[in-house]
Amino acid sequence: MKYEQEDIKTITDMKTASAALIKQVRSRRKPILITQNGEPQAVLMDLGEYERQKNLLLLLRVIALGEKSIKTGKTITQDQVFKQLEKKLAAK
152 MKYEQEDIKT ITDMKTASAA LIKQVRSRRK PILITQNGEP QAVLMDLGEY
202 ERQKNLLLLL RVIALGEKSI KTGKTITQDQ VFKQLEKKLA AK
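Just so we're aligned, residue 152 is where the sequence shown starts under our numbering, counting upward by one.
Next comes the structure, spelled out in structure tokens:
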């Protein structure tokens with residue numbers, strides 16, 4: 152990912168102006184790259200965007216597992232899924 156110059160801040164900026172940086176992240180919905188000694192070290196991002204990315208990654212993992220199951224023949228029918236769910240719900 153490329154960062155615009157205004158989206159790159161130093162660790163000193165983070166220490167002295169953290170509230171302003173958080174405000175910038177929330178209003179612009181773009182992450183800020185934090186550098187230390189001129190090297191990228193961390194990313195500051197909006198919490199909503201972080202959660203969205205986490206959920207997207209989880210969904211991609213589930214899709215990959217599903218594709219692997221299909222390739223290896225480890226699948227079950229829709230009826231079997233519903234029966235398993237009914238058993239779990241009845242056990243509660």
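We put the beta carbon where it would ideally sit given N, CA and C, even for glycine.
When the Cα of residue i is compared with those of the options, which residue comes out closest?
| i | options | result |
| --- | --- | --- |
| D164 | I185, G224, M152, V176 | I185 |
| A193 | L216, D158, K238 | D158 |
| P182 | I227, Y201, L216 | Y201 |
Along the beta strand (DSSP E) that carries residue i, what are the first and last residues, could you check?
| i | result |
| --- | --- |
| Q187 | 183-187 |
| A193 | 190-195 |
Spell out the partners DSSP gives residue i in its beta bridges.
| i | result |
| --- | --- |
| K160 | I185 |
Which residue marks the beginning of the alpha helix (DSSP H) containing residue i, and which one marks its end?
| i | result |
| --- | --- |
| T226 | First-last for T226: undefined, no H or E at that position. |
| A170 | 169-179 |
So residue i and residue j are supposed to be a Cβ contact under 8 Å. How far apart are they, rounded?
| i | j | result |
| --- | --- | --- |
| I133 | Q187 | As displayed, the chain neither begins before 152 nor continues past 243, which places residue 133 out of reach and without an answer. |
| L172 | K160 | 6 Å |
| query | Using 8 Å as the Cβ pair cut-off and three pairs as the minimum, do the stretch 195-212 and the stretch 170-179 touch? | reply | yes
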